[in-house]
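**Student:**
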Amino acid sequence: MENTKNGLRLTYANPPAQRVLALPSPDTPEALSLPLPESLAAHLPEIEAAAQAERAGHFTWVPPSLAPPQVYHVTLVPLGEGGLLASARDVSQPRTVLEALHPVKAALAEDAEPTRVYHAVLHAAMQAVPGSEGGSLWIWEGEAFVCRAAIGFPDTLLGTRLPRTHQLEWYGQGEAAFLQGAGRILPFPTLHCRISEPLIGRTHAARIKVNLAVPIVWNHQVRALLNLDGFTTPRVFSPESLQIAELFAREAAAYLAILERERTLTRHLHLLEHLIEAHRRIRNARTLEGAHQETLKTLQRYTRAGQAFIAWLDSDRQALQVIASTDPHTPPGAMIEPEGLEWTTTANRPPQPSKPPRLTIPITNGQHEHTGVLIVPAPPESFTSEEVAFIRATAETLGLAAERIEALNAAEERAAAYKRLLEFSSELEIIEDPDAIAQRALQVLLEVTACETGVLFRVEDRWAYPHLVHGKYTREFRRYFETRKLTLGRGAVGIAIQERKPLLLPHYDRWAHAIPEMVQIGYKSVLVEPLWVGDAPLGALALASTAQHAHFTPEHQALAQMVARRLERAFERVAHLADIETTREATFRALGIALERRDFETRGHTDRVVALTAQLGEALGFHGAELEALRWGAYLHDIGKLAMPDEILLKPDNLVTREWHVMQTHPEVGYEMLKDIPFLPEITRNVVRYHHERWDGSGYPEGLQGEAIPLEARIFTVVDVFDALTNERPYKPAWSEEKALAEIQRQAGRQFDPRVAQAFVALRRSVSSTRSRSL
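Its first residue numbered 26, the sequence shown is counted upward by one per residue in the working numbering.
1. Under the three-state reduction of DSSP, which class applies to residue 121: helix, strand or coil?
2. Which residue from 520, 644, 648 puts its Cα closest to that of residue 788?
3. With respect to the beta strand (DSSP E) encompassing residue 203, which residues constitute its N-terminal and C-terminal limits?
4. Which whole runs of the alpha helix (DSSP H) in the stretch 311-352 are 4 residues long or more, in chain order?
5. Name the DSSP beta bridge partners of residue 751, please?
6. Would you say residue 470 faces chain B, with C-beta separation under 8 Å as the test?
7. For residue 426, collect the residues of the same chain with a Cβ closer than 7 Å to its Cβ; drop the 5 residues on either side in sequence, then sort them by chain order.
8. Would you grab the beta carbon distance between residue 401 and residue 388 for me? Rounded to a whole angstrom, and I think it's under 8 Å.
9. Between the Cα of residue 391 and the Cα atoms of 409, 672, 408, 422, which residue gives the shortest distance?
10. Assuming residue 506 and residue 550 make a contact with CB atoms under 8 Å, what is their CB distance in whole Å?
11. For residue 192, count neighbouring Cβ atoms within 10 angstroms of its own Cβ and tell me buried if that reaches 16, exposed if not.
12. Could you work out which residue in 200, 180, 171, 253 is closest to residue 838 when comparing CA atoms only?
13. Would you identify the three-state DSSP class for residue 392, choosing helix, strand or coil?
14. Name the two residues that bound the continuous beta strand (DSSP E) containing residue 561.
15. Could you tell me the alpha carbon to alpha carbon distance between residue 744 and residue 664, rounded to whole angstroms?
16. Could you say if the stretch 195-202 and the stretch 169-182 meet the contact criterion of at least three C-beta pairs nearer than 8 Å?
17. Return helix, strand or coil for residue 777, following the three-state DSSP convention.
18. For the ligand COA, any of its heavy atoms closer than 7 Å to the Cβ of residue 324?
19. According to DSSP, is residue 383 part of a helix, a strand, or is it coil?
20. Using 8 Å as the threshold, is the stretch 200-217 in touch with the stretch 270-278, meaning 3 or more CB pairs across them?
21. Report the residue from 247, 762, 521 whose alpha carbon sits nearest the alpha carbon of residue 25.
22. Where does residue 658 fall in DSSP's three states?
23. Do you know how far the Cα of residue 346 is from the Cα of residue 472?
24. Does the pairing of the stretch 681-688 with the stretch 734-743 give three or more beta-carbon distances under 8 Å?
25. Do residue 528 and residue 521 come within 8 Å of each other at the CB atom, strictly closer than that value?
26. Who does residue 715 pair with in a DSSP beta bridge?
27. Taking Cβ to Cβ, would you say residue 483 is nearer than 8 Å to residue 492?
28. From this set, 180, 178, 203, which residue's C-alpha is nearest residue 189's C-alpha?
29. Contact between the stretch 695-707 and the stretch 648-664 is defined here as three or more beta-carbon pairs at a separation below 8 Å; is this criterion met?
30. Report back the beta-carbon spacing between residue 413 and residue 404 to the nearest angstrom; my notes put them in contact at under 8 Å.
31. Going by alpha carbons, who is nearest to residue 588 out of 748, 233, 571, 556?
32. Using 8 Å as the threshold, is the C-beta distance between residue 630 and residue 711 below it?
33. Extract the residue ranges of the beta strand (DSSP E) inside the stretch 443-531, only unbroken runs of 3 or more that lie entirely within it.
34. Where does residue 163 fall in DSSP's three states?
35. Mapping the DSSP letters down to three states, classify residue 764 as helix, strand or coil.
36. Sort 328, 351, 361 by Cα distance to residue 410 and report the nearest one.
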């Protein structure tokens, strides 16, 4: 806050001890700050009047209203913007060093912030040392002296860092005197050559007429430097001032040592808190990537390690691979080729001439085995001992966390593997296609073992060939088997099948019986499990890795064997079901043929309608089990005629109304005959029941209309009529295919579903076109 009155500029700043009085002056280039004691705050008008009378220099002032009387030494210093700065110091009686340090003691007792303690020390020094008109206190902070308190200088000086060599040069009395804490007094002309011009301009050091400097020493090291300055004349300091300053420095050292110990304890406490937090974050990471990122963030957050990277040991290549990094010069994936594993596990090993110095901390697991390194690309001496300890503890936490995560991942993988095996076992009960079974088996095994290529080999005569390949494989692999087959007894697959025993080859590329072409393709590890059904070789399941040597565990081998046995039983079961299906289909066909013989149908009617129904059904979206059920319906469509009386079924003349009503019951009779057979699908029964329904609703047995008629019945209706039209019957000659197709088109929307009729016509004409081209 500024108060302008009668040409005076009075500047107030916080804290109150920094209040200053400024008077106009035309030749002042810049402004300074000098303290005004808090006890004079109520008497500023009197100070202003006295200072205005003097206008320059310094004078002694006795405020008339103070009791008991106090004498102040007032100093006026030229300021910028046309003014003077006035400061006052109580000189009523000399302040002893211990008295002056009372505020420091009080600040320490109150657990004040370090900045407040430093300011109290400097203020106490100015009170105790005669002639002091300004000053600064510089604290050693590991790498440099840092200005932490200043009086009589602008705030820009605070935080300035100067190396020890610079301060030693400023001191000018040599290393021995510096370490002994000997004070010295030097006039500014002598000092001027020891300060850089930018620093002089920024700190207004040019106004210093004389400087008194005293090193503050404890534990045999200079831990602070006290500078006291005179602004008015080079003769403000006397030999007595120097003696008092040295005494003050020795006493202040005890207080500053207390503060440093408290700061050290606080740092250690904070370090411990940070370490606990870092330990919690890293330990709580669910993945290795998360643990790596938390480690690097921790170093950036709590240390000066702005850049770092983590590398894990690659046992195959005896090298380090960078996994996570904040160092742009060492990205993830980079390989580090150490000169021996000692380099990777020694934190303070002297750097090789070809390597820049850097801090290297080993990462170990719970068995104290070296698994990787945490590297900070900066010289070890650039970190405090606390920081190095923190980085070491963080690396140790990462090593234990990584081991824990890997153990959890392994347990989860085992659990997932057995879960997938259980799911696979259940799937085998519903998967009927052998290739689909093998595909799923290979997928499960690749997921569990982390291999890249899975192959089902099948045996044909004395040869093995890749019947199905899953995962990743190279062109060279495909080309190799396009031109040749494996002889049983040769290579891992051939030997495993012939000898009926599994092979586990983590180093296939070093195996004596390896096929050279497979090694050249790049296969490093191979697991083979032979497949046999009874006494006949069926083939083999083979897993291969090209990216790296696979780590096959006993669990992997046991799982592969279990999958292989399941697959063998599945193949055996599928073969058995295939036999059953073949027998069942033969039975249905025989029944259909028997029906066509009894009904005097044209020979071959059953086979023709089954084939045409399957073709049309597939064109309209029937596949797999649905298509098979549709074919069964075609075989059995007239099974209800078995219950029709011969006098009606075999009557050569037209049926009378009563007889026709009986004949119209054969679809319902056929449905009743089949409905309790559990393996017959609904599609089959629908063909039998509804194949005489008509699109316009005029059919039988229920008079269904449009899409209320099941699609499978609509399909068979078209096929059955087409076959009847194009083949000779006792009551009519055979029609040509074109005439029959024209009739089907004419009946679309009446007897037939238009969509089904159109699809059938297109199908038949496509077949005719293909037949014509082949001729």
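Cβ coordinates follow ideal geometry from the N, Cα and C atoms, glycine included.
**Tutor:** In terms of the structure at hand:
1. coil
2. 644
3. From DSSP, residue 203 is part of no beta strand (DSSP E) but of the alpha helix (DSSP H) over 200-205.
4. 313-327
5. Per DSSP, none; premise fails for residue 751.
6. The structure shown contains no chain B, having only a single protein chain.
7. 307, 308, 310, 316
8. Actually they are not in contact, since the Cβ atoms of residue 401 and residue 388 sit about 13 Å apart, beyond 8 Å.
9. 422
10. That pair is no contact at about 19 Å.
11. buried
12. With the chain represented from 26 up to 800, any question about residue 838 goes unanswered, as that position is not in the structure.
13. coil
14. 561-570
15. 17 Å
16. no
17. strand
18. With respect to small molecules bound, the structure shown includes none, and the ligand COA cannot be examined in it.
19. coil
20. yes
21. Since the first and last residues shown for the chain are 26 and 800, residue 25 lies out of range.
22. helix
23. 24 Å
24. no
25. yes
26. Answer is none; residue 715 lacks a bridge partner.
27. yes
28. 203
29. yes
30. Going by Cβ atoms, the distance from residue 413 to residue 404 rounds to 12 Å, so no, they are not a contact pair.
31. 556
32. no
33. 478-485, 488-496, 528-530
34. strand
35. helix
36. 328
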